[in-house]
Structure formats: C-alpha cells, structure tokens
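J.:
Residue numbers (the numbering used here): 16 to 263.
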C-alpha cells in the first residue's frame with residue numbers, strides 16, 4: 016500500500032535511492048501531472064515519488080499543474096506528503112545550507128489555479144488554513160532529523176512568490192516585514208490543495224542562498240547548486256529515518 020508520497024523540488028528531480036518497481040501516467044480531471052509517478056521501496060517502505068518540475072526539471076514554478084499533481088497523489092492512495100523545496104533564506108537562522116521545516120506560509124503568487132472548489136458545488140466551500148502544514152508530519156520530520164543527526168530549523172514562514180525570476184531586494188525587505196523567513200516559488204497553491212483534499216502535508220526546505228539583499232554579493236547559481244546538493248544529501252538521510260518511523 017502506498018501511503019507516503021515525496022514531491023521532489025529543484026535538486027531532487029531524481030530519487031536515486033528509491034528502488035523503482037514501476038511508473039504510472041495518471042490522467043486527472045485537471046490535466047497531466049508534472050511526470051509519471053514512480054512507485055518503489057525505500058528502506059522497505061512503499062513510497063511514491065513525483066518531481067514537481069518534471070523529470071528533466073523543465074517546468075517553471077508558475078507553469079506547474081499543482082492541481083493535477085496533488086489530485087494524482089490522492090488518487091493513488093497517498094495520505095502523507097513530504098514536499099521537498101529549495102528556498103532562499105531571509106531570517107538570520109536561514110543561512111545557505113540550512114534545512115528548515117516551515118510552520119506557516121504567506122502567498123504572493125497570482126494567476127495560478129489554486130483550488131478544487133470552483134464548479135458544480137452544492138455550496139461554497141472554505142477550508143481552515145490557519146495552520147497550513149500538518150503538525151503531525153512536521154513533528155515526525157523534526158524527530159527523524161534528530162534521529163538521523165541532521166540539524167534542522169524546526170519552524171519558518173515560507174513566502175511563496177510567483178517566479179521564475181528571483182526577487183528584488185526591496186521585495187525581500189517587504190516580505191521580511193510581513194514575517195517571512197524563507198522565500199520560494201512552489202509552496203502555493205500546493206500546500207492549500209493538499210489541505211482541500213484532506214492530505215497530511217509538510218514541507219522540508221533546503222536553503223540554497225541568501226535572498227536578494229541579504230548576502231554579501233550577487234546570487235550565484237553555482238553556489239546555489241552546491242548548497243542544494245549538500246542539503247539534499249542530508250534530506251535523504253532524514254527521509255530514510257522517516258520512512259521507518261512515520262505512522263501509517
């Protein structure tokens with residue numbers, strides 16, 4: 016039975032440690048997901064894997080079919096989702112290379128298909144989004160990190176921007192004033208869609224760079240890639256423990 020799904024972000028489009036048994040193309044009422052879903056085992060637990068940017072990392076953040084991705088994972092029976100993301104650091108704790116488990120999110124995106132509750136409704140539907148991430152999955156990620164000896168920041172406010180460009184220094188200043196400690200481009204509407212479908216969803220974020228204006232110089236892609244690569248190695252260790260301890 017597949018109950019745990021991993022959504023891979025930048026730097027994690029290939030889950031090489033997953034022993035893939037098959038791949039499946041899921042057709043959804045909302046179009047095609049980013050890629051075929053890979054089914055396999057990791058540390059003797061059945062896991063599904065979906066790279067949100069596609070297998071070749073070709074889908075930019077604002078073009079991802081978030082509704083199809085989340086619907087497909089619900090369709091195959093996943094009840095828990097761990098979303099891996101590369102982000103920029105705003106808060107002083109969020110230096111490049113840090114792994115954070117955010118507990119809040121602010122949405123700055125626009126023009127994205129952000130809800131399932133649009134057509135053929137019996138009544139207008141609202142979800143409680145006060146605490147956007149599943150606290151149960153968050154705490155299990157934090158516990159898994161501790162067991163794996165992987166340092167994490169156990170909180171954070173993820174500011175979701177439109178992309179694909181990086182932000183200006185003044186945009187980051189505004190976001191910091193709003194309370195954001197992290198900035199990324201894929202957190203929304205993914206997080207809200209998971210809540211609409213009743214999935215236990217949490218984010219595991221790797222800080223790839225200081226956000227605009229927070230570092231000593233320009234944002235360099237080579238430095239970002241190096242931080243992402245090292246961070247993803249630690250995330251694999253974390254997920255290894257999580258697959259052994261996550262309550263089914």
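All C-beta atoms in this analysis are idealised placements derived from N, C-alpha and C, irrespective of residue type, glycine included.
Using C-beta distances below 6 Å, list every residue in its chain close to residue 74, excluding the 5 sequence neighbours before and after it, in chain order.
T.: Closer than 6 Å at Cβ, skipping near neighbours: 49 and 68.
J.: Which word fits residue 37, buried or exposed, when buried means at least 16 other C-beta atoms lie within 10 angstroms of its C-beta?
T.: With fewer than 16 Cβ atoms within 10 Å of its Cβ, residue 37 is classed as exposed.
J.: Going by DSSP, what residues sit across from residue 61 in a beta bridge?
T.: Residue 61 is bridged to 56.
J.: Consult DSSP for residue 97 and reduce its assignment to one of helix, strand or coil.
T.: Here residue 97 sits in strand by DSSP.
J.: Do residue 87 and residue 43 have their C-beta atoms within less than 8 Å of each other?
T.: Yes, these two residues count as a Cβ contact at 8 Å.
J.: Locate the beta strand (DSSP E) running through residue 224, then write down its first and last residues.
T.: Here the beta strand (DSSP E) through residue 224 covers 215-225.
J.: Out of 77, 155 and 145, which has the shortest C-alpha to C-alpha gap to residue 256?
T.: It is 155 whose Cα lies nearest to the Cα of residue 256.
J.: From residue 17 to residue 93, what distance separates their C-alpha atoms?
T.: Going from the Cα of residue 17 to the Cα of residue 93 covers about 6 Å.
J.: Residue 141: buried (16+ other C-beta within 10 angstroms of its C-beta) or exposed?
T.: Looking at its Cβ environment, which holds fewer than 16 other Cβ atoms inside 10 Å, residue 141 is exposed.
J.: Report the start-end ranges of each alpha helix (DSSP H) in the segment 148-181 that is 4 residues or longer and not cut off at the edges.
T.: Counting only runs of 4 or more, we get 150-162.
J.: Tell me whether residue 147 is buried or exposed, calling it buried when 16 or more other Cβ atoms sit within 10 Å of its Cβ.
T.: Result: buried.
J.: Which residues does DSSP list as the beta-bridge partners of residue 34?
T.: In the DSSP output, where bridge partners are listed per residue, residue 34 has 56.
J.: Can you tell me the Cα-Cα spacing of residue 71 and residue 161, whole angstroms?
T.: Residue 71 and residue 161: Cα-Cα distance of roughly 32 Å.
J.: I'd like to know whether the C-beta atoms of residue 241 and residue 182 end up nearer to each other than 8 Å.
T.: No, the pair does not count as a contact, with Cβ atoms beyond the cut-off.
J.: If you reduce the DSSP assignment to three classes, tell me which class residue 29 lands in.
T.: If DSSP states are grouped into helix, strand and coil, residue 29 belongs with coil.
J.: Exposed or buried, residue 200, counting other C-beta atoms within 10 Å across all chains shown (16 or more means buried)?
T.: Result: buried.
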